[in-house]
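Take a look at the structure below.
Residue numbers (the working numbering): 10 to 187.
Below you can see the structure in the form of structure tokens.
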């Protein structure tokens, strides 16, 4: 049988699917972001952008943001936009200019999926967000609140019924209360 062609042969096509593993950590596109918000307003104030070289729309690509410093009153929250992977920083408790006209937050970004082990990635990516609160003219505050007045029905016309106290919370606007 030596030298004889006696075996059967055939061909086949094999499809090999390669799943993307999380081998790239997200990195902020800038180290510092700026935002401005009127006092008393709530909602998204700035979108933070990151770059991630993993396959889009996978857990290896999707960013998870965390506020790690500067949010003691829990006035801010950050959520991920699922289409763009941006961090949407929001004011969730109204800010007061008279208490603090500036806030500084430190934000960290990671992936939803853990990174592949045994690969050197460097430190996680962080960015600083500087927030300026704009002063808005607020109405005066009356003391006491509520007020109750009780007088006899036969009181003289022109008599003083009540003296009230009011303060303007806008301390830097120097307005007159009338």
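All C-beta atoms, glycine included, are put in the ideal place defined by N, C-alpha and C.
In this text the structure is predicted, and so the values were computed from the model without any measurement.
Which residue's Cα is closest to the Cα of residue 59: 40, 107, 45 and 145?
The option with the nearest alpha carbon to residue 59 is 40.
In three-state terms, what does DSSP make of residue 99?
Assignment of residue 99 by DSSP, reduced to helix, strand and coil, places it in the strand class.
Taking 7 Å as the limit between beta carbons, can you name the residues of its chain near residue 115, skipping five residues before and five after?
Its chain contains 77, 78, 79, 135 and 137 as the residues whose beta carbon lies nearer than 7 Å to that of residue 115, once the 5 sequence neighbours on both sides are disregarded; these appear in chain order.
Just tell me which of 142, 23 and 153 has its CA closest to the CA of residue 108.
Among 142, 23 and 153, the Cα nearest to that of residue 108 belongs to 142.
Where does the unbroken beta strand (DSSP E) through residue 134 begin, and where does it stop?
Where residue 134 is concerned, the enclosing beta strand (DSSP E) stretches over 134 to 143.
Which of helix, strand or coil does DSSP assign to residue 41?
Correct three-state label for residue 41: strand.
Continuous beta strand (DSSP E) stretch holding residue 52: start and end:
Segment 52 to 57, the beta strand (DSSP E) holding residue 52.
CA-to-CA distance, residue 24 to residue 4, given in whole angstroms
No answer is possible for residue 4: the residues shown for the chain start at 10 and end at 187.
Beta strand (DSSP E) containing residue 118: first to last residue?
111 to 120 is the span of the beta strand (DSSP E), which, as asked, contains residue 118.
Residues bridged to residue 74 (per DSSP)
BP columns for residue 74 point to 118.
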